[in-house]
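J.: In terms of the UniProt record's numbering, the sequence shown opens at residue 1 and continues consecutively.
A virtual CB, placed ideally from N, CA and C, is assigned to each residue, including glycine.
One structure, pasted below without further comment.
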Amino acid sequence: MDPAEYRKKLHEYLLAKMNDIAPNLASLIGEMVGAHLISHAGSLTNLAKCPSSTPQILGAEKALFRALKTQGNTPKYGLIFHSSLIG
């Protein structure tokens, strides 16, 4: 199978699964960003249980810990910034 064709099929599979498992999240921020958030949180349940400030910086942990260590400015966004609604 051609790698481009495999990637396309994998993308279609992910879109279908996200619409089945987390349709609200998929429609709110998109299937790809939603899948990244679920992956980073560990599960959909863990993502649902975390405080509202946590999903904002998911994906920016390295920058967060560097900022805490140097007492600099903390990151304002992580994976959510890649949503098509943001930018």
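(1) Helix, strand or coil for N46, going by three-state DSSP, please let me know.
(2) Between which two residues does the alpha helix (DSSP H) holding G72 run?
(3) Terminal residues of the continuous alpha helix (DSSP H) containing Y77?
(4) Could you compute how far the alpha carbon of A67 sits from the alpha carbon of S53?
(5) Taking just the CA atoms, how far does G78 sit from I86?
(6) Please classify L10 as buried or exposed, where buried requires at least 16 other C-beta atoms within 10 Å of its C-beta.
(7) Locate the alpha helix (DSSP H) running through G34, then write down its first and last residues.
(8) Could you pull the start and end residues of the alpha helix (DSSP H) that P3 belongs to?
T.: From the atom records:
(1) Looking at N46 - three-state DSSP - the assignment turns out to be helix.
(2) Neither: G72 is in no alpha helix (DSSP H) and is coded neither H nor E.
(3) Bounds of any alpha helix (DSSP H) do not take in Y77, whose DSSP letter is neither H nor E.
(4) One C-alpha to the other measures close to 16 Å.
(5) The straight-line gap from Cα to Cα measures roughly 12 Å.
(6) That one is exposed.
(7) Here the alpha helix (DSSP H) through G34 covers E31 to A41.
(8) From DSSP, the alpha helix (DSSP H) with P3 extends over P3 to I21.
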